[in-house]
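Residue numbers for the sequence shown, in the working numbering: 20 to 86.
For glycine and all other residues, C-beta sits at the position ideal for the given N, C-alpha and C.
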Amino acid sequence: MYSRGDTRRSVSAAFQGDAPKKSGVCPPTTVKCAPLPLKGRCRTDAQCVGNKKCCQVKCTMECVDPI
Numbered sequence: 020m021y022s023r024g025d026t027r028r029s030v031s032a033a034f035q036g037d038a039p040k041k042s043g044v045c046p047p048t049t050v051k052c053a054p055l056p057l058k059g060r061c062r063t064d065a066q067c068v069g070n071k072k073c074c075q076v077k078c079t080m081e082c083v084d085p086i
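Right, dumping it as structure tokens:
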């Protein structure tokens, strides 16, 4: 069984299509959010500048430095 974060990363990867994969992983989160699509500043890593990745930060998606 996948954790919520694993599922979200898989969905994010599916939206990226042929975009190059960025290295690193999203920082872990322990926040429980309503089971709705997360709104935020990004939907995929391709929307983030440099090496930043689109990750869950609290109950939104934001471009952050990977770990």
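Next item on the list: Could you check which residue in Val50, Lys77, Gly69 has the C-alpha nearest to that of aspartate 84?
Entry: Of the candidates Val50, Lys77, Gly69, the one whose C-alpha sits nearest the C-alpha of aspartate 84 is Gly69.
Check: Which partner residues of lysine 72 appear in the DSSP bridge assignment?
Finding: According to DSSP, lysine 72 bridges with Val83.
Margin query: Looking at the strands, I want to know which residues DSSP matches up with glycine 59.
Written below: In the DSSP output, where bridge partners are listed per residue, glycine 59 has Met80.
Item checked: Buried versus exposed call for tyrosine 52 [16 or more other C-beta atoms within 10 Å across all chains shown] -> Looking at the sequence shown, residue 52 is not tyrosine but cysteine. With fewer than 16 Cβ atoms within 10 Å of its Cβ, cysteine 52 is classed as exposed.
Check: For lysine 72, is the classification buried or exposed, using 16 other Cβ atoms within 10 angstroms of its Cβ as the cut-off for buried?
Finding: Looking at its Cβ environment, which holds 16 or more other Cβ atoms inside 10 Å, lysine 72 is buried.
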